[in-house]
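A.B. asks: Have a look at this one.
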């Protein structure tokens, strides 16, 4: 700024000029300051403001240009976080504006060599700076070179000394500082790609690329990851260019003969992180260029991997053109990744890159390529790292496993390649992959698989079941087969719970039948092609898996025919012995019953669809009963005979109905006999369903519910009484003996429900293999109640036992007062006294054993009755939903109320109240109420009085609510039959109110009358 003098301008003018100059300088300072801002918008705005000063219309001077370039190159050497980004953007655009504008009047400021000189001078490290300052200058040179290349000022004419000069400086920096080598290679690689898509003259572009390759080889960087990337980019973009000789075979790094050399180059894309920077620099000169390391290990994959993998994905197409000598993906992956990065002697860092590459291939590559990434060393390392959480690469292994699941979720067809890679013998996989790694990787993959993938997975599983990989000892084979059976079951459950997603339902049906065929083959036959032979326990497991599959499938109507297909296949294979000897032996009586059952099934299949629900229900009932025969159930054969009776009576009446118009009086009487027979058949069917419902199996529970739902409307009074009689039975050993005609402790073990809670999520006893600690995984209120009584009696029983034992031994209980005794009370006993003592001890311990046995019997019997009542309540809930408008349904009110009050099991009491609540809910509206005739009115009045009597008993809160609901339901039925019945209803409630006020034995709750008053208000409004 000029100083003030006496002859200068007036003070006011001087001050104005000074203010203007300060304003201009401050604006420039703010622009350069904002170029280093960490906010993107601020940086871009500042760059735009600076570039605007160099547009042609601004006619910048050479001095202005030189000053700006110098300031921008210095800014590239700043250590501020975002300075290099902002200054490089501004530098690129300024160079574009300056060298794209017409020559200025002075003709200065347009020399590319001068720009390179400023770049070299301002980014040079003289050696006197600190380490941080030197690194800043190195980065400044790198960013400066990138800006110059992006500006295109070197490519406006044929390549000259400036292009060679810049490449030399970049490659010198790459060799001098290995930790910058990847970035240096990246900018040259990007330059080659940009040139390929540039509109410049082809000859000029080819020459530029040839110079780049020549300088790359001159600096011994051709056989580095960066060199490979640049070479491949040039090979693809400029196939007509002249490549340096004697570097790669056939001028191609991906040539098959360069497999070993390429593996070494890519494996050394980063060096061991333990080496210091000083050591690396000292060793640079000794190593030369072939395997020059980058100095510092970097967890991020080198960009050259993307280039190589991208080119290998195109190999099939290239080979079709005749390039048969080029590497295939499988060869490259095996040599470079599996035998290189995942070799046993490889460091954890290299295995880390291997997992990163695996994730990249699985995520981005085509299915055919990604399926080849499962190699032996990789799969082994994946299993080892997944198995233990504290291993160095555990998190990367988990990430790799999740990438597989993600790929399958997006592309279900990839599941086949994933399963084959993780479990197949060719890849070194393990049949028990999930068990070895303590994950559910394979299970999550198979449940996402589509039909296309399952057509490969299911046969693979069958072959592995028949001949497990690894040691062929029976124990290992059994574990493998158990795991594979679980996977097949998981597939069935997944397919049953979801609708086909754009798939052919016939194909899905075929897959499910194929899975069940596998279970049938190994569950019921001694196949000579199987090695080692199946253990009896494993075959029993496979039979339980069949039940579990059917349990899942019958919930969906489109799979209703599968149970019949299963038993038919068992029968056919037993006849043909195609799969070996049938393990089930049947006498003539049982075989005849099975044969008759199949005849009935064949007739059912040909029946019309008018009664499809009933036909399907009977087919299911027949199929599962036959399956029980094959499973060795002693009662199943007699059940088949009862089913034949039901079938004859229920489906035989259709023929008589079709000819009803031609019936005579005699035929009408025969029709009445048929109705009576149908009632008998319905009652027998209820008994059969109860026998199934009593079993500890979700399959039989679901089957009994489906069949009961189909025939609920035909249930007679006797059939309904069979259900309610179970509710009336005691939840004790006496109740069990009465219900099942038992006189001793030999009850049906498979009817035991230790949970007793009736939860829908309970596990099938014939599905899951019992393991240590697995039996008590779920608890319920009934468990606590079952154990509560025995806890209360433990002390008394223990005291009695100790007293008897003390009496036999002539001693005293611990803590009891010791009676006075003679000094010789401890004298030795003779032989007679010892024998007498032994007999007394035997009696004491026998009594103790019997007491414990009785105690267990009582507990088991109670659990049995609780389970059975839960199943009956399930059936009654179906009945009230389908038949709530039937007058017969009113017979359920009192049994449900008494069960709510009397049951010692809280869960049963609550469940009974819930069924009654569902009944009253279904009866909302006049059309949903049972319709009674004049002859039934007296019985309904008696029912109302009985409900009120039940309400006077003391019970849990749910009982009072249920009584009120039941009473109002009966009231609605009476009023719907005749509005004049309201007067009688008022009298009944009045009598109950009197009992409440006058009798101490009456425990009716206030809510009983509150609900009645509310109904009266609603009824009064309806009348008005």
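Residue numbers (UniProt numbering): 1 to 1024. Every residue gets a Cβ at the ideal spot worked out from N, C-alpha and C, and that includes glycine. Predicted model, so just to flag it, every value in this text is computed and none were measured.
With three or more beta-carbon pairs closer than 8 Å as the criterion, would you say the region 613-622 touches the region 575-590?
C.D. replies: As far as the Cβ criterion goes, the region 613-622 does not touch the region 575-590, which means the pair count is below three.
A.B. asks: Can we say the region 591-606 touches the region 625-639, given the rule of at least three CB pairs closer than 8 Å?
C.D. replies: Segments in contact, yes.
A.B. asks: Taking residue 446 as the reference, give the member of 467, 406, 475 with the closest Cα.
C.D. replies: Along the chain shown, one-based indexing puts residue 446 at 446. For residue 446, the nearest C-alpha among the options comes from 406.
A.B. asks: Please say whether residue 903 and residue 731 have beta carbons closer to each other than 8 Å?
C.D. replies: Along the chain shown, read from residue 1 onward, the residue named residue 731 stands at position 731. Along the chain shown, read from residue 1 onward, the residue named residue 903 stands at position 903. A contact, by the Cβ cut-off of 8 Å.
A.B. asks: For residue 930 versus residue 873, is the C-beta distance shorter than 8 Å?
C.D. replies: For this step, residue 930 is matched to residue 930 along the chain shown. For this step, residue 873 is matched to residue 873 along the chain shown. No, they are not a contact pair.
A.B. asks: Is it buried or exposed, residue 1013, if we count other Cβ atoms within 10 angstroms and call 16 or more buried?
C.D. replies: Here residue 1013 refers to the residue found at position 1013 when the chain shown is read from its first residue. Under this definition residue 1013 is an exposed residue.
A.B. asks: Is the Cβ-Cβ distance between residue 485 and residue 541 less than 8 Å?
C.D. replies: Residue mapping note: residue 485 aligns to position 485 of the chain shown, counting from 1. Residue mapping note: residue 541 aligns to position 541 of the chain shown, counting from 1. Yes, the pair counts as a contact, with Cβ atoms nearer than the cut-off.
A.B. asks: Expressed to the nearest angstrom, what Euclidean distance is found between the alpha-carbon atoms of residue 442 and residue 32?
C.D. replies: The residue given as residue 442 occupies position 442 in the chain shown. The residue given as residue 32 occupies position 32 in the chain shown. Cα to Cα, residue 442 sits roughly 57 Å from residue 32.
A.B. asks: For the 8 Å Cβ check, are there 3 or more pairs between the region 977-996 and the region 918-928?
C.D. replies: No, they do not touch.
A.B. asks: Tell me which residue opens and which closes the alpha helix (DSSP H) that residue 326 is part of.
C.D. replies: Within the chain shown, numbered from 1, the residue matching residue 326 stands at position 326. Run containing residue 326: none; DSSP gives neither H nor E here.
A.B. asks: What is the DSSP secondary structure of residue 599, reduced to helix, strand or coil?
C.D. replies: Counted from its first residue, the chain shown places residue 599 at position 599. DSSP places residue 599 in helix when its eight states are reduced to three.
A.B. asks: By DSSP, does residue 483 sit in helix, in strand, or in coil?
C.D. replies: Reading the chain shown from its first residue, position 483 is the one you call residue 483. Correct three-state label for residue 483: helix.
A.B. asks: Looking only at its own chain, which residues have a Cβ that is under 8 Å from the Cβ of residue 198, when we skip the five neighbours before and after it?
C.D. replies: Numbered from 1 along the chain shown, position 198 holds the residue referred to as residue 198. The answer, listed in chain order, is 155, 205.
A.B. asks: As a quick exercise: from 28, 47, 468, 528, pick the residue whose alpha carbon is nearest that of residue 35.
C.D. replies: By 1-based counting over the chain shown, the position of residue 35 is 35. Measuring from the Cα of residue 35, the nearest candidate turns out to be 47.
A.B. asks: Write down the C-beta distance between residue 940 and residue 988 rounded to the nearest angstrom, noting that I regard them as a contact closer than 8 Å.
C.D. replies: Walking along the chain shown from the start, residue 940 turns up at place 940. Walking along the chain shown from the start, residue 988 turns up at place 988. Going by Cβ atoms, the distance from residue 940 to residue 988 rounds to 11 Å, so no, they are not a contact pair.
A.B. asks: Short check: CB of residue 564 to CB of residue 496, under 8 Å?
C.D. replies: Taking the chain shown and counting its residues from 1, one reaches residue 564 at position 564. Taking the chain shown and counting its residues from 1, one reaches residue 496 at position 496. Result no, Cβ atoms of residue 564 and residue 496 do not sit closer than 8 Å.
A.B. asks: Taking the runs of the alpha helix (DSSP H) that are 4 residues or longer, which of them lie wholly in the region 506-561?
C.D. replies: Those alpha helix (DSSP H) runs which fall completely within the region 506-561 and span 4+ residues are 536-553.
A.B. asks: Where does residue 683 sit, in a helix, a strand or coil, going by DSSP?
C.D. replies: Position 683 of the chain shown holds residue 683. If DSSP states are grouped into helix, strand and coil, residue 683 belongs with the helices.
A.B. asks: Please return the same chain residues whose Cβ sits closer than 6 Å to the Cβ of residue 257, not counting the five positions on each side in sequence.
C.D. replies: Working through the chain shown from its first residue, we reach residue 257 at position 257. So the list reads 249, once near-sequence residues are dropped.
A.B. asks: If you compare alpha carbons, which of 305, 689, 393, 414 is closest to residue 366?
C.D. replies: Position 366 of the chain shown, counting from 1, holds the residue named residue 366. Comparing Cα positions, the closest option is 414.
A.B. asks: Going by the CB atoms, is the gap between residue 140 and residue 232 shorter than 8 Å?
C.D. replies: On the chain shown, residue 232 is found 232 positions in, with the first residue counted as 1. On the chain shown, residue 140 is found 140 positions in, with the first residue counted as 1. Result no, Cβ atoms of residue 232 and residue 140 do not sit closer than 8 Å.
A.B. asks: CA-CA distance, residue 111 and residue 211?
C.D. replies: Within the chain shown, numbered from 1, the residue matching residue 111 stands at position 111. Within the chain shown, numbered from 1, the residue matching residue 211 stands at position 211. One C-alpha to the other measures close to 21 Å.
A.B. asks: Considering only residues of the same chain and omitting the five flanking positions on each side of residue 574, which have a CB-CB separation below 6 Å?
C.D. replies: In the chain shown, counting from the first residue as 1, residue 574 sits at position 574. Result list for residue 574: 582, in chain order.
A.B. asks: Please list the terminal residues of the continuous alpha helix (DSSP H) segment that includes residue 416.
C.D. replies: Locating residue 416 in the chain shown gives position 416, counting from the first residue. That run of the alpha helix (DSSP H) goes 415-423.
A.B. asks: Can you give me the C-alpha to C-alpha distance between residue 1006 and residue 846, rounded to a whole angstrom?
C.D. replies: Along the chain shown, read from residue 1 onward, the residue named residue 1006 stands at position 1006. Along the chain shown, read from residue 1 onward, the residue named residue 846 stands at position 846. Cα to Cα, residue 1006 sits roughly 54 Å from residue 846.
A.B. asks: Let me check understanding here. Comparing Cα to Cα, which of 956, 943, 958 lies closest to residue 972?
C.D. replies: Stepping through the chain shown from its first residue, residue 972 is reached at position 972. Here the closest residue by C-alpha is 943.
A.B. asks: Quick one: what does DSSP say residue 363 is sitting in, helix, strand or coil?
C.D. replies: As a first step, residue 363 must be located in the chain shown, where it is residue number 363. Correct three-state label for residue 363: helix.
A.B. asks: Let me know if residue 427 comes out buried or exposed under the rule of 16 or more other beta-carbons within 10 Å of its beta-carbon.
C.D. replies: Here residue 427 refers to the residue found at position 427 when the chain shown is read from its first residue. With 16 or more other Cβ atoms within 10 Å, it is buried.
A.B. asks: Measuring straight from C-alpha to C-alpha, what distance separates residue 95 and residue 449?
C.D. replies: Taking the first residue of the chain shown as position 1, residue 95 is located at position 95. Taking the first residue of the chain shown as position 1, residue 449 is located at position 449. Cα-Cα distance, rounded: 56 Å.
A.B. asks: Output yes or no for whether 8 Å exceeds the beta carbon distance between residue 492 and residue 512.
C.D. replies: The residue given as residue 492 occupies position 492 in the chain shown. The residue given as residue 512 occupies position 512 in the chain shown. Yes, the pair counts as a contact, with Cβ atoms nearer than the cut-off.
A.B. asks: Cα separation between residue 417 and residue 453?
C.D. replies: Mapped onto the chain shown, residue 417 falls at position 417. Mapped onto the chain shown, residue 453 falls at position 453. When rounded, the distance between both Cα atoms is 8 Å.
A.B. asks: Report the option in 505, 545, 890 whose CA atom is closest to the CA atom of residue 556.
C.D. replies: Here residue 556 corresponds to residue number 556 of the chain shown, with the count starting at 1. Closest option to residue 556, Cα to Cα, is 505.
A.B. asks: What is the C-beta distance between residue 1008 and residue 951, in whole angstroms, given that I count them as a contact (C-beta under 8 Å)?
C.D. replies: The residue you call residue 1008 lines up with position 1008 of the chain shown. The residue you call residue 951 lines up with position 951 of the chain shown. At roughly 6 Å, the Cβ-Cβ gap stays under 8 Å, so residue 1008 and residue 951 are in contact.
A.B. asks: How big is the Cα-Cα spacing for residue 992 and residue 948?
C.D. replies: Walking along the chain shown from the start, residue 992 turns up at place 992. Walking along the chain shown from the start, residue 948 turns up at place 948. Their backbone Cα atoms lie some 7 Å apart in a straight line.
A.B. asks: Inspect the beta-carbon positions of residue 226 and residue 182 and report whether they are closer than 8 Å.
C.D. replies: Taking the chain shown and counting its residues from 1, the one referred to as residue 226 is at position 226. Taking the chain shown and counting its residues from 1, the one referred to as residue 182 is at position 182. Yes. Within cutoff.
A.B. asks: Would you please state the rounded distance, in angstroms, between the beta carbons of residue 699 and residue 875? I believe it to be under 8 Å.
C.D. replies: Stepping through the chain shown from its first residue, residue 699 is reached at position 699. Stepping through the chain shown from its first residue, residue 875 is reached at position 875. Going by Cβ atoms, the distance from residue 699 to residue 875 rounds to 16 Å, so no, they are not a contact pair.
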